[in-house]
Each structure stands twice: as structure tokens, then as C-alpha cells.
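Engineer: For reference, the structure I am asking about is given below.
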Amino acid sequence: MLRSETNTQVRILSDDERWQAVQHRDANYDGAFYYGVFTTGVYCRPGCASRLPKRENVRFYATPTAAEADGLRACRRCCPEADQAPDAAQCVWSLCRYMEEHADELLTLEHLGERVGLSPHHLQRTFKAVVGVSPKQYLDQLRIERFKTSLREPEGDVTSRIFDAGYGSLSRLYERLDTRLGMTPMEYRGGGKGIAISYATSDTPLGLVMVGATDRGLCFVQFGESEDGLLAELRRQYPNASLGRMSDESTPEFRTWMAELNAYLEGKNPDLRLPVHVRATAFQLLVWNYLRTIPAGKVASYSEVASAIGQPRAARAVARACASNTIALAIPCHRVIRGSGEMGGYRWGVARKRTVLDLERRTAAGGAT
Numbered sequence: 016m017l018r019s020e021t022n023t024q025v026r027i028l029s030d031d032e033r034w035q036a037v038q039h040r041d042a043n044y045d046g047a048f049y050y051g052v053f054t055t056g057v058y059c060r061p062g063c064a065s066r067l068p069k070r071e072n073v074r075f076y077a078t079p080t081a082a083e084a085d086g087l088r089a090c091r092r093c094c095p096e097a098d099q100a101p102d103a104a105q106c107v108w109s110l111c112r113y114m115e116e117h118a119d120e121l122l123t124l125e126h127l128g129e130r131v132g133l134s135p136h137h138l139q140r141t142f143k144a145v146v147g148v149s150p151k152q153y154l155d156q157l158r159i160e161r162f163k164t165s166l167r168e169p170e171g172d173v174t175s176r177i178f179d180a181g182y183g184s185l186s187r188l189y190e191r192l193d194t195r196l197g198m199t200p201m202e203y204r205g206g207g208k209g210i211a212i213s214y215a216t217s218d219t220p221l222g223l224v225m226v227g228a229t230d231r232g233l234c235f236v237q238f239g240e241s242e243d244g245l246l247a248e249l250r251r252q253y254p255n256a257s258l259g260r261m262s263d264e265s266t267p268e269f270r271t272w273m274a275e276l277n278a279y280l281e282g283k284n285p286d287l288r289l290p291v292h293v294r295a296t297a298f299q300l301l302v303w304n305y306l307r308t309i310p311a312g313k314v315a316s317y318s319e320v321a322s323a324i325g326q327p328r329a330a331r332a333v334a335r336a337c338a339s340n341t342i343a344l345a346i347p348c349h350r351v352i353r354g355s356g357e358m359g360g361y362r363w364g365v366a367r368k369r370t371v372l373d374l375e376r377r378t379a380a381g382g383a384t
């Protein structure tokens with residue numbers, strides 16, 4: 016390790032000099048080198064105030080990266096990895112651009128670390144500190160967005176798009192969709208246990224509607240004859256959730272979602288792009304994600320949806336998924352009809368289904384009412 020002695024002289028510190036600096040906890044040497052303690056698995060700055068280790072258990076390193084390459088982790092007291100923070104941040108953003116360009120490839124933590132000269136452990140910590148999520152989570156999001164974008168393209172089948180997005184199988188995609196649109200498996204099985212749901216009712220041109228939402232998105236949008244009946248249905252679907260009426264103290268997000276829903280129902284907005292947080296199976300999530308790509312006012316048959324998601328024989332299963340939808344309008348099952356051109360069924364009535372489609376068509380054409 017080189018250390019400046021004057022403005023014109025540099026020399027290599029010996030291990031004895033390094034050890035002496037550690038013994039004296041000399042902070043003047045911080046950044047000049049680092050020492051690792053193999054009995055504790057930690058590396059530190061020379062000036063660290065932690066307990067002095069035995070000399071035979073110590074090894075010296077030029078950089079935090081070199082220490083972590085030996086399997087050591089950063090000391091929580093002196094935080095030696097922070098010495099590389101500015102350069103590491105630049106490396107991370109450069110790596111993000113690389114991941115965006117190669118999201119369809121197999122990208123391991125080891126491979127990504129090699130590109131920027133960081134150990135997998137150091138990369139994991141630094142990436143999350145800079146971006147806010149782990150490299151794996153960032154890559155998952157890139158692939159989900161790529162898949163969603165590809166669904167809007169007219170050519171190609173969903174199965175090939177899944178592989179093009181970087182997924183090795185349908186099950187891998189299902190797992191990721193389960194965390195992007197739906198509740199986690201734990202939340203699903205627990206009937207909403209541990210989840211707080213705010214709800215509100217409103218009279219609309221389509222009748223009385225109740226909207227329920229968690230902090231992640233809408234989990235309940237349904238039409239009914241009475242508030243009591245709708246609330247009972249909400250409780251039935253989420254028996255273990257904590258329910259509370261929307262108040263003035265409700266989150267700004269909830270108020271925004273309600274405003275967008277009202278604008279849609281008033282014919283001021285042809286489409287709804289609201290976050291959704293629902294209980295569902297992986298197959299239902301796949302169907303519902305596809306439904307959200309059908310343009311407002313347009314329709315597709317159950318068979319067309321089945322083919323689009325790569326399961327052409329699953330038309331009946333698609334119909335069941337549509338019938339199981341509990342998020343009216345935001346998950347647009349009203350855009351799916353029979354192959355004969357007939358409206359088909361609708362959980363909230365065929366007349367309402369026809370009205371919604373007509374409303375979307377008028378709004379999309381610029382003839383809002």
C-alpha cells in the first residue's frame with residue numbers, strides 16, 4: 016500500500032508499520048489500508064475503536080473490496096466500506112444501465128460484481144444503499160416492465176415474450192407477478208391478516224360502488240344495492256384484515272385513486288391505470304395482467320385471451336378468472352366477451368357491462384358525457 020509522506024515522496028508501508036498503526040488506533044492511516052480479523056470475520060479501519068485483536072489473526076488489505084473478497088464483512092462501528100461510496104455509487108448506476116440492456120440474460124451477483132470490481136457481498140449492500148432495492152429486485156422489475164410492454168405489441172405469443180423478458184419458465188413469471196400485482200402467498204392464505212384496508216362508498220352513474228384499498232393499491236371495487244351488503248362482502252373476502260372507513264386523514268394516494276375513478280365514471284378519462292393489491296392465484300394474476308393491456312373500449316374473446324397468455328386451451332379457465340375478479344373497472348374483465356360477439360356474463364350485470372363499454376368507447380372517441 017502506498018502512503019504519502021511528503022508532497023514528493025511515497026513509500027510502501029510494511030506490515031509491522033500497519034500493525035503499529037492498528038495498535039495505536041491511529042486514524043491518520045484511515046483509508047490508507049484496512050485490517051481484517053479472521054476470528055470475527057470483520058474488517059476495520061486502522062483507527063477503529065473496537066477491541067484489539069491478536070496479531071496472528073490479522074491480515075492487511077489495500078481496499079474494502081479486497082477484504083470482502085476474502086469473505087470478511089465491514090465493521091459496523093467504523094464502517095470502512097464508506098470510503099469507497101462515491102466511486103461505488105458511480106459503479107452502481109453504470110451497472111443499472113448494463114442491467115437494463117441485458118435484462119434478458121442470466122445475470123448473477125458474481126457476474127455483476129466482476130463488472131464493477133466489487134465482491135458479491137459488497138455489491139449487494141452498496142447497490143441497495145444507492146438504488147433502494149437489491150440487484151435481484153431491480154432485475155425483476157426490469158423484466159416485469161419488459162414483459163408488460165411486450166404484451167401491448169400485436170405480434171408474438173405470450174410464451175415467447177416470457178422468455179424474451181428473461182424468465183426461464185412460466186412459473187418464474189407467476190412468482191414475480193404474485194409480488195407485483197397480487198398479495199403475497201402469506202397474505203393470500205391469511206385472508207388479509209395484518210393488512211389495513213380503507214374503504215369508501217359513492218353513488219355513480221353505474222350505481223352504488225364501494226372502493227377498498229391497502230397502502231399498496233386497490234383491493235376491492237364492487238357495485239351493489241346497499242353499503243351494508245358491500246361491506247359484508249368486503250369482510251367476507253378479507254375476514255382477517257383491519258377495516259376502516261376512509262376519513263379526512265386517509266392517505267393522499269387513496270384520495271387520488273378515488274378522484275381518478277370518479278373521472279373515469281364521469282367519462283373524463285377513457286382508461287384506469289390504478290395500482291392493484293389483490294388476493295389471487297398465479298393464473299388469475301396472469302389473466303388480469305393481460306386484461307389491463309386491452310385498450311379502453313376494445314374487447315377480446317375468452318379464447319383470444321387464452322391464446323394471448325400462451326394457454327389456448329384454457330378459455331374456460333379464463334372465463335372463471337374473469338368471473339372471480341373483485342376489482343371492477345381497474346381490472347377490466349368487462350372487455351372480455353364470447354367468441355360469438357355476445358356480451359357474456361359479468362359479475363355486476365350484463366347491462367352494466369354494456370354501459371361501461373359504451374362509456375369507454377365514447378370517452379376514447381372524444382365524446383365524453
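Numbering (this note's numbering), first residue to last: 16 to 384. Where a beta carbon is used, it is the ideal one built from N, C-alpha and C, also for glycine. Just so it is clear, the structure is predicted and the values come from calculations on it, not from any experiment.
With a threshold of 6 Å on Cβ separation, who are the neighbours of S186 within its own chain once the five nearest residues in sequence on each side are excluded?
Structural biologist: Residue placement at S186 is poorly supported in this model, since its pLDDT is 48, which falls under 50; the coordinates still yield a value, given next. Excluding residues within five positions, none has a Cβ falling inside 6 Å.
Engineer: With a threshold of 16 other CB atoms inside 10 Å of the CB of V365, please say whether the residue is buried or exposed.
Structural biologist: So V365 ends up on the exposed side.
Engineer: Taking all protein chains shown into account, do 16 or more other C-beta atoms lie within 10 angstroms of the C-beta of W303, making it buried, or fewer, making it exposed?
Structural biologist: Classification for W303: buried.
Engineer: Output the distance between the C-alpha atoms of L289 and D230, rounded to the nearest integer angstrom.
Structural biologist: Looking at the two C-alpha atoms, the distance is approximately 12 Å.
Engineer: Excluding five sequence neighbours on each side, which residues of the same chain lie with their C-beta closer than 8 Å to the C-beta of H117?
Structural biologist: Cβ neighbours of H117 beyond the five flanking positions: none.
Engineer: Would you mind stating whether R92 and Y58 have Cβ atoms separated by less than 9 Å?
Structural biologist: No, they are not a contact pair.
Engineer: Starting from C337 and walking both ways along the alpha helix (DSSP H), at which residues does that stretch end?
Structural biologist: Residues 330-338.
Engineer: Restricting to runs no shorter than 4 residues, where is the alpha helix (DSSP H) found entirely within the region 285-314?
Structural biologist: Entirely contained in the region 285-314, the alpha helix (DSSP H) runs reaching 4 residues are, in chain order, 297-306.
Engineer: Classify D373 as buried or exposed, calling it buried when 16 or more other Cβ atoms lie within 10 Å of its own Cβ.
Structural biologist: Exposed.
Engineer: Out of T219, V291, Y279, which has the shortest C-alpha to C-alpha gap to G227?
Structural biologist: Closest by alpha carbon: V291.
Engineer: With DSSP run on the structure shown, which of helix, strand or coil describes L12?
Structural biologist: Within the shown structure, residues of the chain are numbered from 16 to 384, placing residue 12 beyond reach of any answer.
Engineer: Assuming contact is defined by CB atoms lying nearer than 9 Å, are P61 and F53 in contact in what I supplied?
Structural biologist: Going by C-beta atoms, P61 is not nearer than 9 Å to F53.
Engineer: Between which two residues does the beta strand (DSSP E) carrying Y58 extend?
Structural biologist: Residues 57-59.
Engineer: State the Cα-Cα distance for the pair A330 and R362, rounded to the nearest angstrom.
Structural biologist: Each residue's Cα considered, the two are about 17 Å apart.
Engineer: Residues in its own chain within less than 8 Å of V236 by CB, not counting five upstream and five downstream?
Structural biologist: Cβ within range, chain order: V224, M225, V226, G227, L276, T341, I342, A343, L344, A345.
Engineer: Give me the Cβ distance between T216 and E248, rounded to the nearest whole Å; I'm assuming they're in contact under 8 Å.
Structural biologist: 12 Å between Cβ atoms; not a contact.
Engineer: So what does L9 bridge to, in DSSP terms?
Structural biologist: There is simply no residue 9 to check, as the chain begins at 16 and stops at 384 in what is shown.
Engineer: Taking the beta carbon of R369 as the centre, do at least 16 other beta carbons fall within 10 Å, making it buried, or is it exposed?
Structural biologist: Answer is exposed; the Cβ neighbour count stays below 16.
Engineer: For R231, does the three-state DSSP call read helix, strand or coil?
Structural biologist: In the structure shown, R231 sits in coil (DSSP, three-state: anything other than H, G, I, E or B).
Engineer: Once you ignore the five residues that flank G56 on each side, which residues in its own chain have a CB closer than 8 Å to its CB?
Structural biologist: If we look at G56 and ignore the five residues flanking it on each side, its Cβ neighbours are G86, L87, R88.
Engineer: When you compare only the Cα positions, how much space is there between G128 and F75?
Structural biologist: G128 and F75: Cα-Cα distance of roughly 22 Å.
Engineer: To which residues of the same chain is A379 closer than 7 Å at the C-beta, ignoring the five residues directly before and after it?
Structural biologist: Excluding sequence neighbours, A379 sits near P285, A311, G312.
Engineer: Expressed to the nearest angstrom, what Euclidean distance is found between the alpha-carbon atoms of A383 and R377?
Structural biologist: Note that A383 scores 43 on pLDDT, short of 50, meaning its location in the model is unreliable; the coordinates nonetheless yield the value given after this. In a straight line, the C-alpha of A383 is about 6 Å away from that of R377.
Engineer: Which word fits E375, buried or exposed, when buried means at least 16 other C-beta atoms lie within 10 angstroms of its C-beta?
Structural biologist: So E375 ends up on the buried side.
Engineer: I'd like to know whether the C-beta atoms of V351 and V371 end up nearer to each other than 9 Å.
Structural biologist: Result no, Cβ atoms of V351 and V371 do not sit closer than 9 Å.
Engineer: Taking the Cβ atom as the reference point for each residue, do L258 and I212 lie within a distance shorter than 9 Å?
Structural biologist: Contact: yes.
Engineer: Alpha helix (DSSP H) containing F75: first to last residue?
Structural biologist: Looking at the DSSP string, F75 is not in any alpha helix (DSSP H); the run it does join, the beta strand (DSSP E), is 73-76.
Engineer: State the start and end residues of the unbroken alpha helix (DSSP H) segment that holds Y49.
Structural biologist: Not the alpha helix (DSSP H): Y49 falls in the beta strand (DSSP E), residues 49-52.
Engineer: In whole angstroms, what separates the C-alpha of A256 from that of V293?
Structural biologist: Approximately 13 Å between the Cα atoms of the pair.
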